[in-house]
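Enquirer:
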Amino acid sequence: MDSGSDSDERPRFLVVTVGARPAFHAVVAAALSGLAEPPDDGPEGTRTGRRLVTGVPGPVPAPPDHADWHTVVSRARRYLDRVVPDATVRHLGAGSFPEAARALAAARAGRRDDDLLALVLVETDGPGRQPDEAVTAGLALLGDALDGVRHTFTSRTVLVYDRAPLGRTLIAGPYGRRQLPDRDWVLASDVVVAFTDWVQLDYASSALRGSSAAGPSLLGGELAAFLDARAGARWGLHYYTGSVVSGLIGDLEEHAARAGNPVLRGPSEHSLACGALARWQLDGAPFLIVVTSGMIDEFRGTLANLRESRARGFIVCADSSPGAWFPF
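Each residue of the sequence shown is one higher than the last, beginning at 1 in our numbering.
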């Protein structure tokens, strides 16, 4: 954790903060410092672990000292230690979107093309909301400066903080609105959650999807072959997607498209089990249901009905490792 050079070759995640108040940038830097390893005395090139490089003037602020903050950051670190144990988090702070675009361009000079934009955090001026057009135009400036950097502007990766009430209606857009917390430890916790969510849902899951493309999953192939031998094109694939099972689902969808098996979706796990029960009772067709462990309770009593009807099939329920950030 330091504010010096970040010229080593480890993965680099970019976090951009935009706002007029220095205190806003300082709280974000303090939050990110809670995820980094403490500095050591070794040579620059030999440092391991997550590093924070921030443009906040002066020493990096200390993380908050609050019981709930410690709970959040300890769980986040447990997950990050397993998924990204060695990385650089580059924090860029600016008073406006044009300044942030210039800071990004300077930080990108001479870098490889493997930088990743993690978060854009914006604090608006005054008590009111910043017009949507201003945020959209600012993101366009950042997009130009991020040419060649993998990034997505979504309600999960771009957070706009202001003191205006959120209201009853929220219109979907390329960013999310948050009411600025009055307490620094709450804002710092929100930053840690947003960053860890990005690692799990964008960085780690894309890596898993990329690695699964090397070949079909063994489990999917064996289950499909077993059902093919007994039911041909009659058995149905029922799934509710999740990052843990996305590779398996993709392989089974391709198999179903080639063989002509029906692929049945639904708004919940309960609906998948209902569909499997109906197809068994009407057509005698077996099923293959794929879900994640976080929603197993959504099956409710339908599993009992499947059992009573002697329906045949498989349910694949992906379980998360003990160190998971969120189990879905």
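Virtual Cβ for every residue (Gly too), placed ideally from N, Cα, C.
Can you list the alpha helix (DSSP H) stretches of 4 or more residues lying completely in the region 195 to 278, in chain order?
Expert: For the region 195 to 278, whole alpha helix (DSSP H) runs of length 4 or above, ordered along the chain, are 205 to 212, 218 to 231 and 246 to 259.
Enquirer: Among L252, R234, R77 and V18, which residue has its Cα nearest to the Cα of L223?
Expert: Here residue 223 is taken as the residue at index 223 of the sequence shown, counted from 1. When each option's Cα is compared against that of L223, the closest is L252.
Enquirer: If you run the structure through DSSP and keep just helix, strand and coil, what is A118?
Expert: To locate residue 118, count along the sequence shown from 1; it is residue 118. Of the three classes helix, strand and coil, the one that applies to A118 here is strand, per DSSP.
Enquirer: Specify whether the region 25 to 32 and the region 175 to 195 touch according to this definition: at least 3 beta carbon pairs, one from each stretch, less than 8 Å apart.
Expert: They touch, by the three-pair rule.
Enquirer: Assuming A103 contacts L121 under a Cβ cut-off of 8 Å, what Cβ separation, rounded to an integer in Å, is found between them?
Expert: Here residue 103 refers to the residue found at position 103 of the sequence shown. Here residue 121 refers to the residue found at position 121 of the sequence shown. About 14 Å separates the two Cβ atoms, so there is no contact after all.
Enquirer: With DSSP as the reference, label A76 as helix, strand or coil.
Expert: Start at 1 with the first residue of the sequence shown, and residue 76 comes out as number 76. In the structure shown, A76 sits in a helix (DSSP, three-state: H, G or I).
Enquirer: Assuming H91 is part of the alpha helix (DSSP H), what are its boundary residues?
Expert: The residue labelled residue 91 in the question sits at position 91 within the sequence shown. Taken as a continuous stretch (DSSP letters only), H91 belongs to no alpha helix (DSSP H), being part of the beta strand (DSSP E) at T88 to A94.
Enquirer: Are R177 and V160 closer than 8 Å when you measure CB to CB?
Expert: Within the sequence shown, the letter at position 177 stands for residue 177. Within the sequence shown, the letter at position 160 stands for residue 160. Going by C-beta atoms, R177 is nearer than 8 Å to V160.
Enquirer: Under three-state DSSP, which class holds D147?
Expert: Along the sequence shown, one-based indexing puts residue 147 at 147. Note: D147 maps to coil in three-state DSSP.
Enquirer: Going by beta-carbon coordinates alone, are G236 and P262 separated by less than 8 Å?
Expert: On the sequence shown, position 236 is the one that residue 236 refers to. On the sequence shown, position 262 is the one that residue 262 refers to. Yes, they are a contact pair.
Enquirer: Does G176 come out as helix, strand or coil in the three-state DSSP assignment?
Expert: The residue labelled residue 176 in the question sits at position 176 within the sequence shown. Correct three-state label for G176: strand.
Enquirer: Excluding the 5 residues preceding and the 5 following A30 in the sequence, name in chain order all residues of the same chain whose CB lies nearer than 8 Å to its CB.
Expert: On the sequence shown, residue 30 is found 30 positions in, with the first residue counted as 1. Hits under 8 Å: V60, P61, A62, P63, P64, D184 and A188.
Enquirer: Within the continuous beta strand (DSSP E) that includes F314, where are the two ends?
Expert: Taking the sequence shown and counting its residues from 1, the one referred to as residue 314 is at position 314. Where F314 is concerned, the enclosing beta strand (DSSP E) stretches over G313 to A318.
Enquirer: Skipping 5 residues on each side, what residues in its chain have a beta carbon closer than 6 Å to that of V158?
Expert: Position 158 of the sequence shown, counted from the first residue, corresponds to residue 158. Counting only Cβ-Cβ distances below 6 Å, and skipping sequence neighbours, we find V120 and Y175.
Enquirer: Inspect the CB distances between the region 64 to 74 and the region 94 to 108 and report whether three or more fall short of 8 Å.
Expert: Segments in contact, no.
Enquirer: How long is the line joining the alpha carbons of G138 and P98, rounded to whole angstroms?
Expert: For the purposes of this step, residue 138 is taken as residue 138 along the sequence shown, with counting starting at 1. For the purposes of this step, residue 98 is taken as residue 98 along the sequence shown, with counting starting at 1. Each residue's alpha carbon lies about 7 Å from the other.
Enquirer: Can you grab the Cα-Cα spacing for the pair T88 / D115, in whole Å?
Expert: To locate residue 88, count along the sequence shown from 1; it is residue 88. To locate residue 115, count along the sequence shown from 1; it is residue 115. The straight-line gap from Cα to Cα measures roughly 10 Å.
Enquirer: Need the endpoints of the beta strand (DSSP E) that L288 sits in, please.
Expert: The residue labelled residue 288 in the question sits at position 288 within the sequence shown. Looking at the DSSP string, the run of the beta strand (DSSP E) that includes L288 is F287 to T292.
Enquirer: With DSSP collapsed to three states, give me the class of F153.
Expert: Sequence index remark: in the sequence shown, residue 153 carries index 153 (1-based). Three-state result, F153: coil.
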